[in-house]
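Quick note: the sequence shown uses our numbering, first residue 12, plus one each step. Only one structure is covered here, and it is reproduced in the block below.
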Amino acid sequence: MNIIKHIPNTITSMNLFCGLMGVIFTFKGQLDIAFYLMLAAAACDFCDGFAARLLGAYSDLGKELDSLADMVSFGALPALMAHRLMVLNGTDGIWCYIPLLVAVFSALRLAKFNIDERQSDSFIGLPTPACAMICGSFAYYVFKDPSSVMCGWAASRFFIPAASLVLSFLLVSEIPMFSMKFKKNILPGSPMHKQRIAFVGVMVVASVLVLLLGLNWSMIILLTFVSYIVMNIGIMLMPRAKKGTM
Numbered sequence: 012m013n014i015i016k017h018i019p020n021t022i023t024s025m026n027l028f029c030g031l032m033g034v035i036f037t038f039k040g041q042l043d044i045a046f047y048l049m050l051a052a053a054a055c056d057f058c059d060g061f062a063a064r065l066l067g068a069y070s071d072l073g074k075e076l077d078s079l080a081d082m083v084s085f086g087a088l089p090a091l092m093a094h095r096l097m098v099l100n101g102t103d104g105i106w107c108y109i110p111l112l113v114a115v116f117s118a119l120r121l122a123k124f125n126i127d128e129r130q131s132d133s134f135i136g137l138p139t140p141a142c143a144m145i146c147g148s149f150a151y152y153v154f155k156d157p158s159s160v161m162c163g164w165a166a167s168r169f170f171i172p173a174a175s176l177v178l179s180f181l182l183v184s185e186i187p188m189f190s191m192k193f194k195k196n197i198l199p200g201s202p203m204h205k206q207r208i209a210f211v212g213v214m215v216v217a218s219v220l221v222l223l224l225g226l227n228w229s230m231i232i233l234l235t236f237v238s239y240i241v242m243n244i245g246i247m248l249m250p251r252a253k254k255g256t257m
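Now the structure itself:
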């Protein structure tokens with residue numbers, strides 16, 4: 012048995028395990044631990060692809076397993092965290108179930124990704140890990156700082172459902188979004204390379220801003236991935252704006 016070829020799938024399985032544990036802690040109302048487990052799942056999600064490239068251990072099984080793990084860790088878990096956050100803030104009725112649509116549209120997003128040949132170097136629609144980080148970091152921030160302004164937003168029966176609908180739309184939209192990974196086939200100075208450099212700059216600015224304002228560290232993640240969406244929408248609209256001025 013070639014043990015090396017099973018390393019990427021083992022890491023992917025750890026991603027799935029972290030996602031399942033996150034779901035358990037979400038039901039317990041411990042959203043902080045659930046978010047830590049989501050971050051651990053994200054680390055595994057990055058490492059399994061890196062290990063597969065490094066070891067040359069790509070497989071159809073690994074591709075399908077990766078999607079199943081992502082569905083739990085970055086689809087079901089963030090949706091349940093958003094749902095649980097509303098319940099903990101006293102919201103009941105149909106409103107607190109709308110965030111579960113994030114899980115449904117994450118499944119559609121992952122299925123679409125597996126059959127869409129356009130998404131080898133970039134994405135069409137919001138990647139599920141980015142959506143998960145927005146949901147998870149928001150839930151964590153509100154959970155850890157109940158006196159924050161965002162806690163008031165979370166207490167509203169409209170904000171989280173509305174945000175969930177927007178994220179659900181972005182998951183299956185046709186908006187081009189650059190990959191956040193630096194790859195060898197991306198040439199320095201190319202538009203794709205510049206986009207990634209700009210994104211790193213956004214992360215640095217978000218980190219400095221959060222430190223200066225004394226905010227919880229999870230705000231860095233929230234600001235970074237919200238900025239990622241805004242940047243990609245801006246990149247998509249710029250050519251149209253130029254055509255309109257000609």
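Where is the CB? At the ideal position from N, CA and C, for every residue including glycine.
#### Entry: Test item: CB-CB of L96 and V160 under 8 Å
no
### Query
Just the Cα atoms here: how many angstroms apart are K155 and L42?
9 Å
### Query
Looking at the unbroken alpha helix (DSSP H) that takes in I35, where does it start and where does it end?
18-38
### Query
Under 8 Å, do A217 and S190 count as touching if we go by C-beta distance?
no
### Query
Which residues bound the alpha helix (DSSP H) around M92?
88-99
### Task
May I ask you to report which of helix, strand or coil DSSP gives S7?
No answer is possible for residue 7: the residues shown for the chain start at 12 and end at 257.
### Message
Can you tell me whether S133 is helix, strand or coil according to DSSP?
### Response
strand
### Query
Which of helix, strand or coil does DSSP assign to A209?
helix
### Query
Cα separation between T235 and Q206?
14 Å
### Message
Any contact between the stretch 212-230 and the stretch 136-152? By contact I mean 3 or more CB pairs, one from each, below 8 Å.
### Response
yes
#### Entry: Beta-carbon spacing of K123, V183 below 8 Å
yes
### Message
Here's the rule: buried if 16 or more other CB atoms are within 10 angstroms of the residue's CB, otherwise exposed. What is D127?
### Response
exposed
### Query
If we ignore side chains and look at the alpha-carbon of each, how far apart do H94 and N13 end up?
43 Å
### Query
Regarding C107 and the ligand ADP, is the C-beta to nearest heavy atom distance less than 7 Å?
The ligand ADP is absent from the structure shown, which contains no ligand whatsoever.
#### Entry: Member of I15, A53, T21, K16 whose CA lies at the smallest distance from the CA of G33
A53
### Query
When the Cα atoms are used, what is the spatial distance from F210 to L137?
15 Å
### Task
Check the C-beta distance from M242 over to V213 and give it rounded, since I have them as a contact under 8 Å.
7 Å
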